[in-house]
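Engineer: Counting from 847, one number per residue, gives the positions in the sequence shown under our numbering.
All C-beta atoms, glycine included, are put in the ideal place defined by N, C-alpha and C.
I have a structure I would like to understand better, so I am pasting it below and will then ask my questions one at a time.
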Amino acid sequence: MDKRRIAYWAVTAFFCLGMTGSGVMNLLRPPELLEGLAHLGFPAWFPLWLGPWKLAGVAVTLAPGLARLKEWAMAGFTIAMSSAFVAHLAAGDPFGQAFPPLVILGLGLTSWALRPENRRLAG
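Have a look at this one:
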């Protein structure tokens, strides 16, 4: 296995682990999560909508083939993580508290950039 493929799988594993944890927490909806989302201005039902999409995106990201769905999954992750960053800033949170979604987004975009040819759209 070449270095690029190793880097792809390492980054993808960390990204998918983070998104899986986030998706599961969205579905479990612990009080701390609901308080944090309320602080950001999101309704209590929002994690029940977001969680399954995160988990579906992880499944698509890890599955072989499905190049077009992988592109859509990454678009969804990009929108979700950049929106989380902006929501923190709009709520008046300090940059340090708003920064973690950008780290996760960076992992996802790095995974996308390093993806092997067999995980890319043709042409």
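(1) Can the beta-carbon of Ala890 be found less than 7 Å from the beta-carbon of Leu960?
(2) Mind checking whether Phe861 and Leu951 have CB atoms under 7 Å apart?
(3) At the level of alpha carbons, what is the spacing between Ser957 and Thr858?
(4) By how many angstroms is the C-alpha of Met865 removed from the C-alpha of Gly942?
(5) Compute the distance between the beta-carbons of Leu886 and Ala926, then report whether it is under 7 Å.
(6) May I ask which residues mark the beginning and end of the alpha helix (DSSP H) holding Pro877?
(7) For Ala937, which three-state DSSP category applies?
(8) Kindly give me the distance between the Cβ atoms of Ala913 and Leu874, rounded to whole angstroms, as I take these residues to be in contact under 8 Å.
(9) Going by beta carbon distance, what residues of the same chain come within less than 7 Å of Lys916, once the five residues before and after it are set aside?
Structural biologist: To lay it out plainly:
(1) Taking 7 Å as the cut-off, the Cβ atoms of Ala890 and Leu960 do not count as close.
(2) no
(3) 5 Å
(4) 20 Å
(5) no
(6) 877–886
(7) coil
(8) Not quite, the Cβ-Cβ distance comes to about 32 Å (not below 8 Å), so this is no contact.
(9) Val906, Thr907, Arg965
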